[in-house]
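Chemist: First to last, the protein sequences are chains A and B. Residue numbering for the first sequence follows numbering that gives the first Met the number 0, starting at 0 and increasing by one per position. Residue numbering for the second sequence follows numbering that gives the first Met the number 0, starting at 0 and increasing by one per position. Note that CB positions come from ideal geometry on N, CA and C, so glycine has one too.
Protein chains: 2
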Amino acid sequence: MKNIEAVARSERNPDQTRQRILEAAFMAMYRNGFQGMRLDEVIAATRLTKGALYHHFPNKRALGYAVVDECIIPTVEAVWLQPLKNSADPLQGLINVIEQMPDNEHKPPEMIRYGCPLNNLAQEMSPLDEGFRQRLDYAFRVWQDVIQETLERAQQKGHIRADVNCDEAATFIMAALEGCIGIAKNAQSMERLHVCNRGLVQFILSLQPQK
Amino acid sequence: MKNIEAVARSERNPDQTRQRILEAAFMAMYRNGFQGMRLDEVIAATRLTKGALYHHFPNKRALGYAVVDECIIPTVEAVWLQPLKNSADPLQGLINVIEQMPDNEHKPPEMIRYGCPLNNLAQEMSPLDEGFRQRLDYAFRVWQDVIQETLERAQQKGHIRADVNCDEAATFIMAALEGCIGIAKNAQSMERLHVCNRGLVQFILSLQPQK
DNA sequence: ATAGCGACAAACCGGTTGGTATGTCAATAG
DNA sequence: CTATTGACATACCAACCGGTTTGTCGCTAT
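1) Is the shortest distance between the beta-carbon of Gly114 (chain B) and the beta-carbons of chain A less than 8 Å?
2) According to DSSP, is His54 (chain B) part of a helix, a strand, or is it coil?
3) At which residues does the alpha helix (DSSP H) containing Ile97 (chain B) begin and terminate?
4) Determine, for Cys70 (chain B), whether the minimum Cβ-Cβ distance to residues of chain A falls below 8 Å.
5) Measure the alpha-carbon distance for Ala121 (chain A) versus Arg132 (chain A) and round it to whole angstroms.
6) Would the beta-carbon of Cys165 (chain B) fall within 8 Å of that of Leu150 (chain B)?
7) Rounded to whole angstroms, what is the Cα-Cα separation between Arg60 (chain A) and Ile42 (chain A)?
8) Cα separation between Pro108 (chain A) and Met36 (chain B)?
9) Excluding the five sequence neighbours on either side, which residues of its own chain have a C-beta within less than 8 Å of the C-beta of Met0 (chain A), listed in chain order?
10) Whose C-beta lies closer than 7 Å to the C-beta of Leu52 (chain A) among residues of the same chain, with five residues either side of it excluded?
11) Is Arg140 (chain A) buried or exposed, if buried means 16 or more other CB atoms sit within 10 Å of its CB?
12) Can you name, in chain order, every residue of its own chain whose Cβ lies under 8 Å from the Cβ of Thr48 (chain A), other than the five neighbours on each side?
13) If I follow the unbroken alpha helix (DSSP H) through Lys184 (chain B), where does it start and stop?
14) With a CB to CB cut of under 6 Å and the five nearest residues on each side skipped, what residues in its chain are close to Ala7 (chain A)?
15) Is DSSP giving Thr74 (chain A) helix, strand or coil here?
16) The alpha helix (DSSP H) with Ala23 (chain A) in it runs from where to where?
17) With a threshold of 8 Å between beta carbons, is Arg134 (chain B) in contact with chain A?
18) Grouping DSSP H, G and I as helix and E and B as strand, with all else coil, what is Lys156 (chain B)?
19) Taking a cut of 9 Å between CB atoms, which residues from the segment 178 to 202 of chain A lie near chain B?
20) DSSP three-state call for Gly114 (chain B): helix, strand or coil?
21) Indicate the three-state DSSP secondary structure (helix, strand or coil) for Asp39 (chain A) in the structure shown.
22) Can you give me the C-alpha to C-alpha distance between Val145 (chain B) and Ile182 (chain B), rounded to a whole angstrom?
23) Please confirm if Pro208 (chain A) has its CB atom under 8 Å from at least one CB of chain B.
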């Protein structure tokens, strides 16, 4: 009882503190990029101090890596792995995830305003830091594998042609999706995202057997 | 004659100096982003001084805007407008430009290593600065218009189906292309760019009339 | 000849930023 | 009861970086 009170009063909860830092850092990186993220901003958002931050992370870069490992990659898995595996109609499931993507996870305007957290970081940091590059490359590979397996399942069901190279198609779908988000973000236009996504869906449908 | 010697000795040539600053700033922004670009780097690359830089540009942002207006947009026009307008076979011309893109303008590794200058800036700056966003949006529109007109010409020649919406298709092609470059850049792999581009070419070919 | 001006150079400034050194305090182990 | 340790807080620093101020030099118009 004394413990509970003491903890509640002093808010001593290292795991939760670490998590708060990670979330604040994620948001700051999402909005301003890694280089644009200021540790003071993270400190202000968490209402902690620099000492607390440097107690949990040795430096800014390690914090950035942790955001990728513990925020971004799990999010990719949650948004893509979960809904697609075991979906009854893989092809339609894929299209659904793409079309519902703007409303996913973050509120509607977030994706239009700030784009894809994974791609943002990749474009900024991959030429500048090999550690970032490898982590983000892993994230892309996980993502692509999910799409590829989905396409292969659709292929087995005869929903797409047998001559389609699912590996290549999955790579292109992932790339095109990031491209669509990027264009919509620059235009700051949800309409633009839908226009772009329609093109992507059209590509996916073109993989179907000719009627 | 005295003029020529004097100019040569003192290197007094404001237009050329300005151009040197622009080119150095472009390279610095290309590699590190706008926020990551350091004016000291530009100064070092041009072997000028801060006074010289601030004589030609009022501040860092204005320099960034000038790089977009006077380097990036003209490059887009040179790489896309010129080769595509008046091409005999518009559809094949489009595919050619896409496939030869990695070798274009900058030496082969540049595009893989640092990606597309236009898209890099767009992803970094469009949520942060409206001035950048509008200029980059203009660049994208110019680019898209070129692709759209090319598709429409192909459509008139019966090379693509009449029911294809050339506006939407052009948007998607542009977006997908940026996505392909982005994925290849993160993977640091030319092979990956080709894989991705193959998907894009496949999409373009799917616009053709069914045989 | 010289006054004015454009094109730079050089030194400097002040706020920001990542990082550190030290202190505090509660919980726990011995 | 005391020593230790984990989890922070406070204060501080050195480097960096955009921007300013001041100075210099040569060209040109009068």
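Modeler: Quick look at the numbers:
1) yes
2) Here His54 (chain B) sits in helix by DSSP.
3) Pro89 to Gln99
4) Chain A, which has no Cβ nearer than 8 Å to the Cβ of Cys70 (chain B), makes this no.
5) 7 Å
6) yes
7) 16 Å
8) 29 Å
9) Because Met0 (chain A) carries a pLDDT of 33, less than 50, the predicted location of this residue cannot be relied on, and the following value inherits that uncertainty. Cβ neighbours of Met0 (chain A) beyond the five flanking positions: none.
10) Ile20, Leu38, Val41 and Ile42
11) Flag for Arg140 (chain A) reads exposed.
12) Ile42
13) Cys165 to Ala186
14) Confidence in Ala7 (chain A) is poor, its pLDDT being 33 and thus under 50, which makes the residue's placement unreliable; the coordinate value appears in the next sentence. Hits under 6 Å: none found.
15) helix
16) Pro13 to Gly35
17) no
18) Looking at Lys156 (chain B) - three-state DSSP - the assignment turns out to be coil, as it is neither helix nor strand.
19) Gly178, Cys179, Ile180, Gly181, Ile182, Ala183, Lys184, Asn185, Ala186, Gln187, Arg191, Val194, Cys195, Asn196, Arg197, Gly198, Leu199, Gln201 and Phe202
20) Correct three-state label for Gly114 (chain B): coil.
21) helix
22) 24 Å
23) no
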